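Below: the structure, in C-alpha cells.
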Amino acid sequence: MVGRGLFLGVFFIAYAIQAITGFAGNIIAMPAGMATVGMQESVAMLNATGMIGCGLIAIQNWKHINWRELAIMLAVMTPFMFVGIWLDTVLPLGILSKIYGAIVVVVGVRGLVLKQQRFMPKWLLAVLLVLAGLIQGMFVSGGAILAIYALQRLQDKDQFRATLSCIWMVLNFVYAALQLSQGHYTPDCLVMVAIAIPLLLVATWLGNKLQKRISQATFIKVTYVLLTVIGIILLVK
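The UniProt record's numbering applies: residue 1 is where the sequence shown begins, and numbers increase by one.
Below, the structure is given as C-alpha cells:
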C-alpha cells in the first residue's frame with residue numbers, strides 16, 4: 001500500500017510536468033512504478049493514463065496542433081516503433097539504454113549552456129524521428145528524442161505542447177490496445193488506473209494553469225532541464 005501511494009505521488013508530479021511541457025510524464029513516473037508495483041502493471045497503467053492525459057491536452061489545445069508536423073512524426077515514428085518492439089525481443093538493450101541516456105544528457109546540457117538555439121540539418125531531423133520510433137518501441141521512452149526534434153521544428157510552446165500531446169495520445173492508444181490483447185490489464189491494474197484518473201485530472205488542470213505563466217524562453221529552458229533529468233533517469237535505472 002505504501003509503495004502504491006509513493007508511485008501515485010510521483011505520478012501526480014510527473015503528469016503535472018507533462019501538462020506543462022507536453023511530454024515526460026510517463027518516463028518520470030516509470031522508475032517509481034517499476035520499483036513499487038512492477039514493470040508490467042506500471043507500463044500498462046501509464047499507457048492508459050498517458051492516452052487519457054495527453055488526449056485531454058490535445059483536445060483542449062487542438063487549435064495549436066501543427067497538423068503537418070503531426071502527420072510527419074506519426075508517419076515516420078509508427079512503423080519504426082513496431083520495429084523497436086521486435087528488436088526488444090532479440091537485442092540486449094541494457095547497454096543501448098545507457099547510450100541513449102548519455103546522448104539525452106549531452107543534448108539537454110548543451111541546450112542549457114548555449115545562449116542561442118542552433119538548428120540541425122534536415123537529414124539529422126529525419127534520423128531523430130527514426131530513432132524516436134525505435135526507442136519508443138524498445139524502451140517505451142522515445143519522448144526525449146522526439147522532444148529534441150520538436151524543439152527544432154515547433155518554435156511556439158503552445159504548438160509544441162499540443163502537437164506532442166496528440167502524438168502521445170495516439171501512440172499510447174496503440175500500446176494500450178496491444179497490452180490489452182496480451183492480457184496485461186489485470187483487475188489490480190484496472191484498479192490502479194481508476195485511482196490514477198482523478199489525480200491525472202487535477203495534475204493536468206494544475207499544469208495547464210502553470211504553463212500559462214511561463215514565457216517561451218523559460219519553456220525552452222525547462223524542456224532542456226527535463227531532457228537532462230530524463231537522461232540521468234535512463235542512465236541510473
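C-beta: ideal position from N, C-alpha, C; glycine also. No experiment lies behind these values; they were computed from the predicted model shown.
Alpha-carbon spacing of residue i relative to residue j, whole angstroms
i	j	result
Gly137	Trp168	13 angstroms
Ala48	Tyr185	10 angstroms
Leu6	Met34	12 angstroms
Gly143	Leu226	11 angstroms
Phe119	Ser181	41 angstroms
Lys122	Phe160	18 angstroms
Ala177	Ala132	20 angstroms
Gln117	Ala203	30 angstroms
Ala102	Thr223	17 angstroms
Ala75	Thr163	14 angstroms
Pro198	Ile20	18 angstroms
Gly9	Ala29	9 angstroms
Ala58	Ala194	21 angstroms
Lys209	Gln60	13 angstroms
Phe80	Leu87	10 angstroms
Presumed contact (8 angstroms Cβ cut-off) between residue i and residue j, rounded CB distance
i	j	result
Val105	Gly231	3 angstroms
Ala14	Gly3	Contact doesn't hold; Cβ gap of about 16 angstroms is too wide.
Gly50	Asn172	4 angstroms
Lys221	Leu112	7 angstroms
Ile135	Ile145	6 angstroms
Ile233	Pro31	6 angstroms
Among the options, the one whose alpha carbon lies nearest that of residue i
i	options	result
Trp205	Ile28, Leu56, Val10 and Gly5	Leu56
Trp62	Cys166, Gly38, Arg110 and Leu74	Cys166
Met45	Ile233, Met192, Pro92 and Gly3	Met192
Glu41	His64, Leu70, Ala203 and Gly183	Gly183
Gly207	Leu114, Val37 and Gly22	Gly22
Thr228	Val107, Phe12, Gln211 and Phe173	Val107
Met39	Met81, Leu74 and Val140	Val140
Asp158	Ala194, Val222 and Asn66	Asn66
Leu201	Gln216, Ile220, Gly53 and Leu146	Gly53
Lys115	Val236, Met30, Ile72 and Thr218	Thr218
Val130	Gln216, Gln60, Phe82 and Ser215	Phe82
Ile72	Arg213, Cys189 and Leu154	Leu154
Buried versus exposed call for residue i [16 or more other C-beta atoms within 10 Å across all chains shown]
i	result
Ala196	buried
Val170	buried
Gln18	buried
Val90	exposed
Val43	buried
Gln211	buried
Ala16	buried
Val37	buried
Arg68	exposed
Arg110	exposed
Ile27	buried
Leu124	exposed
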